[in-house]
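Take our numbering: the last position of the sequence shown gets the number 183, and nothing is skipped along the way.
All C-beta atoms in this analysis are idealised placements derived from N, C-alpha and C, irrespective of residue type, glycine included.
Since this is a predicted model, take the numbers as computed values, not measurements.
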Amino acid sequence: EIHNLSMSYRQSAELLALADKIYQVERGVKSPYQCFLKDETTPSPLWLESDDIDEKAEWISERVMEIAKTYKSVPTIAIFTKDKRKAEELKEALDDCDNLENAGIDVKVCSDNTLEGEKTLRIFPIDQVKGMEFEVAFFHNVEELSSSMVERYLYVGLSRAAFFLGVTSSKKGQLWETVGDLF
Numbered sequence: 001e002i003h004n005l006s007m008s009y010r011q012s013a014e015l016l017a018l019a020d021k022i023y024q025v026e027r028g029v030k031s032p033y034q035c036f037l038k039d040e041t042t043p044s045p046l047w048l049e050s051d052d053i054d055e056k057a058e059w060i061s062e063r064v065m066e067i068a069k070t071y072k073s074v075p076t077i078a079i080f081t082k083d084k085r086k087a088e089e090l091k092e093a094l095d096d097c098d099n100l101e102n103a104g105i106d107v108k109v110c111s112d113n114t115l116e117g118e119k120t121l122r123i124f125p126i127d128q129v130k131g132m133e134f135e136v137a138f139f140h141n142v143e144e145l146s147s148s149m150v151e152r153y154l155y156v157g158l159s160r161a162a163f164f165l166g167v168t169s170s171k172k173g174q175l176w177e178t179v180g181d182l183f
C-alpha cells in the first residue's frame, strides 16, 4: 500500500513554516506537510545582514554558544557556503572566535561528506550536503548564490536543519522580501 508522506517528523514548526513559504514561491501551492513536533522551545530562524566577515563569524559563534548552553551540549551543526573557497575564508574567521576555541569546539571545512568528531562546527559547500541532516544549520552569505537559485538552495539548506537556521548576507535583497517575516 502506498501513502503520501504528509507529516514532517524531524523539523521544528518554525523551520517547516519557512520551508512552506519557499515551497509556495517555487511551486505556486502550499506544501503538503504538517509538523509533528509540538515543542515550543525551538528558536526562531535568525538573519544577520553585514558586510564584515569577522562580524558574521562572531555572530555565528555566539549563536552556537547560545544553542550549546540552552541544550547543554553541542548538537550537530553545519554551515553552508557557496563553494569551498568561501568555506575556507569563513573557517579562518571562525578560528579567530575565542569562545569556540575556549569551549573546545573545532571548526572544519568538509567537502567530502565527513561527519566525524563531536563538538565540531562543519562548513560545507552547499552542493555537498544532499541527504545529510543536522540539528542546526547556518547559511553564510546566501546572496552569493545565483539569483535564480537562492530560494532553492535556501530550501535545501533549511531542510538539512532540524530545529534552527541562521542566515548571513551582505544585503537582504529579494529573498528577504519573500521570507523575511519568518526571521
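{"query": "Work out the CA separation of VAL64 and SER73 for me, nearest whole Å.", "result": "10 Å"}
{"query": "How many Å lie between PRO75 and GLU118 at the Cα?", "result": "8 Å"}
{"query": "List the whole-angstrom C-beta distance separating GLY173 from ILE60, where the pair is believed to meet the contact cut-off of C-beta under 8 Å.", "result": "With a Cβ gap of about 20 Å, GLY173 and ILE60 do not count as contacting."}
{"query": "Shortest alpha-carbon distance to GLN11 belongs to which of SER44, GLY180, ALA68, HIS3?", "result": "SER44"}
{"query": "Roughly how many angstroms separate the alpha carbons of LYS184 and PHE139, rounded to a whole number?", "result": "The displayed coordinates of the chain run from 1 to 183. Any statement about residue 184 would go beyond what the structure contains."}
{"query": "Taking the C-alpha atoms as reference points, what is the distance between LEU48 and GLU1?", "result": "46 Å"}
{"query": "Which of helix, strand or coil does DSSP assign to THR178?", "result": "helix"}
{"query": "Quick check on VAL142: buried or exposed, where buried means 16 or more other Cβ atoms within 10 Å of its Cβ?", "result": "buried"}
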